[in-house]
Amino acid sequence: MTIIALAASSRDQSLNVALLDVILTALDGAAGQVERVDYRLFEDTPQYSARREAAEGPPQGMKDLADKISAADGLIFVTPEYNHAIPGSFKNGIDWLSRISVTLMAVKPTLIGGASASPYGAWRGMKSLRPSIELLGALTMPYMISMSGVGSKADIEARFQDPMARVRIDAALNAFRGQMAAKQ
Ligand SMILES: Cc1cc2nc3c(=O)[nH]c(=O)nc-3n(C[C@H](O)[C@H](O)[C@H](O)COP(=O)(O)O)c2cc1C
Numbered sequence: 001m002t003i004i005a006l007a008a009s010s011r012d013q014s015l016n017v018a019l020l021d022v023i024l025t026a027l028d029g030a031a032g033q034v035e036r037v038d039y040r041l042f043e044d045t046p047q048y049s050a051r052r053e054a055a056e057g058p059p060q061g062m063k064d065l066a067d068k069i070s071a072a073d074g075l076i077f078v079t080p081e082y083n084h085a086i087p088g089s090f091k092n093g094i095d096w097l098s099r100i101s102v103t104l105m106a107v108k109p110t111l112i113g114g115a116s117a118s119p120y121g122a123w124r125g126m127k128s129l130r131p132s133i134e135l136l137g138a139l140t141m142p143y144m145i146s147m148s149g150v151g152s153k154a155d156i157e158a159r160f161q162d163p164m165a166r167v168r169i170d171a172a173l174n175a176f177r178g179q180m181a182a183k184q
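First residue of the sequence shown? That's 1 in full-length UniProt numbering, and the numbers climb one at a time after it.
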């Protein structure tokens with residue numbers, strides 16, 4: 001079983017990279033072999049345009065990523081919230097991927113997370129991700145791993161130890177584990 005895991009930030013000290021680290025530690029390989037995607041791929045991908053697509057086709061990096069996603073059993077996407085949505089570079093990558101295959105993520109268990117220093121915990125960013133990847137067939141878990149009011153990886157690790165927070169975290173992790181197991 002293979003999982004493609006992506007945090008939509010390349011920032012040093014990224015909260016979302018830290019959250020992905022903590023999620024993967026919590027899963028402890030239970031759901032499969034993980035391949036992490038370097039987010040600079042998305043940041044370095046040219047802006048989608050129909051004109052560019054007609055002239056050049058999708059960028060090679062997106063074609064390679066599409067092959068990896070297609071071969072994967074499950075997906076984990078951890079995203080910051082930018083202006084109540086996902087970062088433009090993330091949406092741009094999804095737009096390119098959708099031009100390669102509209103069924104790219106078909107029925108692949110997909111866990112969504114997000115972290116922010118704000119009280120909303122990237123919730124609106126995560127919600128705005130759902131329609132785009134569900135259109136590509138992603139089987140998104142109903143629970144998402146939202147980290148609000150965090151400023152460091154240590155804060156995220158502490159939240160994972162908080163019994164109140166852990167109820168929703170475990171609901172998300174267990175849903176993902178269960179859907180991955182069902183694919184075996
Ligand atoms: C362009 C931009 C827009 C942002 N909009 C929001 C927002 O709507 N809500 C929010 O909670 N944080 C917002 N932030 C703050 C990010 O959540 C914060 O920078 C976060 O740490 C980015 O994720 P990272 O640490 O993984 O790089 C925004 C940041 C940027 C750069």
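Note that the Cβ used here is the ideal one computed from N, Cα and C, for glycine as well.
Cutoff 7 Å; reference residue i; Cβ partners in own chain excluding five residues on either side
i	result
A72	T2, I3, I4, K108
R40	S10
P58	W96, R99, I100
A172	L111, M141, Y143, M144, I145
K68	I4, E35
Sequence-distant residues of its chain with Cβ nearer than 6 Å to residue i (five each side left out)
i	result
S132	I94
CA nearest to the CA of residue i, picked from the options
i	options	result
R52	L173, R99, I112	R99
Q179	L19, P58, A138	A138
N83	D162, M126, P58	M126
D38	A31, F77, D162, M164	F77
L135	L104, D12, A30	L104
T79	V167, Q60, A26, G113	G113
F90	R177, L6, K68	L6
Distance cut-off 7 Å: residue i Cβ against heavy atoms of ligand 2
i	result
L15	The model on display carries ligand 1 but not ligand 2.
Proximal residues to residue i (C-beta, below 8 Å), its chain only, five neighbours per side dropped
i	result
V22	K153, I156, E157, F160
N92	F42, T45, Q47, Y48
G151	L15, A117
P119	S148, G149
A18	A115, S152, K153, I156
Nearest-angstrom Cα separation, counted from residue j out to residue i
i	j	result
V102	K183	21 Å
L65	A85	22 Å
L129	A181	24 Å
I169	K63	33 Å
P87	W123	13 Å
G121	E81	8 Å
L24	D162	18 Å
L20	M164	20 Å
A175	R166	14 Å
A26	R177	11 Å
Item to check | Ordered list of beta strand (DSSP E) runs contained in the region 5-80, each at least 3 residues | outcome: 33-37, 74-78
Item to check | the region 72-81 in contact with the region 108-120 per 3-pair CB rule at 8 Å | outcome: yes
Item to check | beta strand (DSSP E) runs contained entirely in the region 90-126, provided each spans 3 or more residues | outcome: 109-115
Next on the checklist: Runs of 3 residues minimum, wholly inside the region 136-182: which ones carry the beta strand (DSSP E) assignment?
Outcome noted: 145-147
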